[in-house]
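Heads up: the structure comes next, in structure tokens.
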Amino acid sequence: QVQLVESGGGLVQAGGSLRLSCAASGSISSSNTMGWYRQAPGKQRELVATIISGISTTYADSVKGRFAISRDNGKNTVYLQMNSLKPEDTGVYYCAAVRTGSRWRYWGQGTQVTVSS
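Numbering follows the working numbering, with no gaps: position 57 of the sequence shown is 59.
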């Protein structure tokens with residue numbers, strides 16, 4: 003059983019940066035997709051970014067050019083570098099791993115990101 007543990011969330015002013023980390027307790031093949039979701043208060047969870055094979059990435063339109071997802075397969079860790087943060091980026095950020103179709107096998111517990119204006 004793989005466990006995902008997120009870290010790096012916190013409170014930051016608009017325009018600032020944060021780097022989220024998601025460490026997997028077990029090995030996840032680089033051929034498996036890993037991703038980040040977020041959920042703002044009163045809203046549905048939305049997909050922010052994905053990475054597969056450490057190379058191919060996708061981003062939500064709302065974060066393109068500001069966020070960057072990366073992966074260190076040796077450390078079984080995926081990162082989300084968030085720059086030029088906006089108040090609308092506020093939410094709980096979740097790490098997910100191993101996607102089959104639209105379903106993900108593993109989820110982290112989430113880390114809170116709050117961006118003040």
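Glycine residues also receive a C-beta, built at the ideal position from the N, C-alpha and C atoms.
Of the residues VAL7, GLY103 and SER32, the one whose Cα lies closest to the Cα of ILE57 is SER32.
In the three-state DSSP reduction, GLY76 falls in the helix class (H, G or I). If you look at ARG47, you'll find it isn't in any beta strand (DSSP E); DSSP assigns it neither H nor E.
Exclusion of the five residues before and after GLN83 leaves ARG21 and ALA70 as the residues of its chain whose Cβ lies within less than 6 Å of its Cβ.
Per DSSP, LEU6 is one residue of the beta strand (DSSP E) stretching across 6 to 9. The segment 106 to 117 and the segment 47 to 57 do not touch, with fewer than 3 CB-CB distances between them shorter than 8 Å. Here VAL115 really is in contact with THR92; their C-beta atoms are around 6 Å apart, less than 8 Å.
Taking all protein chains in view, the Cβ of GLY28 is surrounded by fewer than 16 other Cβ atoms within 10 Å, so the residue is classified as exposed.
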